[in-house]
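Last residue of the sequence shown: 240 in the numbering used here, with the numbers rising by one and none dropped.
For each residue, glycine too, the CB sits at the ideal point set by N, CA and C.
Because the structure is a prediction, the values reported are computed rather than measured.
Here's the structure we're looking at; comments come further down.
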Amino acid sequence: VRLPGPPALSGDQVNERWASSAQQRDTRWSEDAAALYDLVDKLGPLNRNLRSTGFLLPFFRHLNLSVREAVRWDRGNGEEEWRKRRITVADLDEGICAFSNLDKLDVGSNSLHVVANLPPRLRFLHAYDNRIVGVSCRPLQGLVHCGMGYNKLANGATSLDSIPIRFPGLLSLDLAYNNLLDLRATLQTLRPLARLAQLCLYGNPLAISPFYRHATVMVMPHLQLLDDLPVVEGDHPP
């Protein structure tokens with residue numbers, strides 16, 4: 003037996019619901035959200051062009067998939083409470099590559115283990131506070147910032163070594179609070195990043211190595227910021 007679904011809304015009802023939602027529209031999920039809402043206001047929520055993937059996918063230049071929203075829960079005893087709810091992203095499949103003009107992507111505070119796919123024109127990636135152990139996406143020459151602090155990256159071919167191979171044009175790299183133990187191996191892995199100007203490694207066990215800062219600047223003399231502090235004359239070995 004097939005139960006009837008909810009009754010279809012008329013065009014006027016859809017327009018009325020859209021108009022009544024103006025004060026509740028969330029823009030945290032994208033810097034482009036406000037512009038999209040303006041287009042829907044002008045052309046209507048039933049406009050076929052606005053609803054097509056051919057328009058929507060290349061429209062976005064920024065997506066924030068780390069947003070948590072406050073929702074009201076019924077505790078079952080006549081009381082209500084507010085809790086934080088979010089959709090957890092466990093995988094970036096090939097569908098993310100269809101966002102052909104995406105410039106900035108934030109997937110922080112999710113459950114990613116491997117960064118398997120990324121949009122082709124991405125320049126800024128924030129993937130903090132996940133469970134990332136490696137990167138296997140196609141190389142992105144244009145990526146200039148990679149934020150992967152608070153993950154599970156370690157020394158080795160399938161983990162840290164994958165980052166310079168996939169992102170050879172990095173200017174900024176944040177690997178704070180991962181599982182990097184071997185300072186020498188880490189620096190040799192990151193050494194090919196010739197354009198790298200900013201590097202964060204604090205919070206890793208290797209950061210307590212003797213002469214950690216001197217050794218890092220010696221291997222990577224082009225650094226301008228190390229662990230959020232400017233590289234100064236005294237950081238260079240004599």
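| Asked | Found |
| --- | --- |
| Rounded to a whole number of angstroms, what is the C-alpha to C-alpha distance between L182 and A92? | 23 angstroms |
| Please report how far the alpha carbon of H216 lies from the alpha carbon of L228, in whole angstroms. | 11 angstroms |
| Report, in whole angstroms, the separation of the C-beta atoms of A118 and C139, which I expect to be a contact under 8 angstroms. | 6 angstroms |
| Can you list, in chain order, the residues of its chain whose CB lies under 8 angstroms from that of M220, leaving out five sequence neighbours each side? | H238, P239 |
| At a cut-off of 6 angstroms, is E33 close to the ligand SAM when judged by its beta-carbon and the heavy atoms of the ligand? | Among the ligands in the structure shown, none appear at all, so the ligand SAM cannot be discussed. |
| Give the single residue among T218, A187, L208 whose Cα lies nearest to the Cα of A199. | T218 |
| By Cβ distance, which residues of its chain are closer than 7 angstroms to G46, with the 5 residues on each side in sequence left out? | N17 |
| Could you spell out where the alpha helix (DSSP H) holding S1 opens and where it closes? | Nothing about residue 1 can be reported from this structure: the residues present for the chain run from 3 to 240 only. |
| Quick check: what's the CA-CA separation for R197 versus Q143? | 12 angstroms |
| Within 10 angstroms of the Cβ of T160, are there 16 or more other Cβ atoms? Answer buried if so, exposed if not. | exposed |
| Are there 16 or more other CB atoms within 10 angstroms of the CB of V137, so buried, or fewer, so exposed? | buried |
| Looking only at its chain, what residues have a beta carbon closer than 8 angstroms to the beta carbon of R125, apart from the 5 residues adjacent to it on each side? | D105, K106, G144, L145, V146, H147 |
| Mind listing, in chain order, the continuous alpha helix (DSSP H) runs of no fewer than 4 residues lying wholly within the region 88-119? | none |
| Using 10 angstroms around the beta-carbon of V233, count the other beta-carbons present and answer buried if the total reaches 16, otherwise exposed. | buried |
| Quick one: using the 10 Å Cβ neighbour count with 16 as the cut-off for buried, is I165 buried or exposed? | buried |
| Under the assumption that Y179 contacts N206 (Cβ atoms under 8 angstroms), give the Cβ distance between them as a whole number of angstroms. | 7 angstroms |
| Classify Q143 as helix, strand or coil using the three-state DSSP reduction. | coil |
| Check whether the Cβ atoms of H128 and G149 sit closer than 7 angstroms, and answer yes or no. | yes |
| So R123 and S102 are in contact, right, with Cβ under 8 angstroms, and what is the actual spacing, rounded? | 7 angstroms |
| Smallest Cα separation from L59: which of D40, A35, L48? | A35 |
| Go ahead and label F169 buried or exposed: buried means 16 or more other beta carbons lie within 10 angstroms of its beta carbon, across all protein chains shown. | buried |
| Would you kindly work out how many angstroms separate the C-alpha atoms of L94 and R193, rounded to a whole number? | 28 angstroms |
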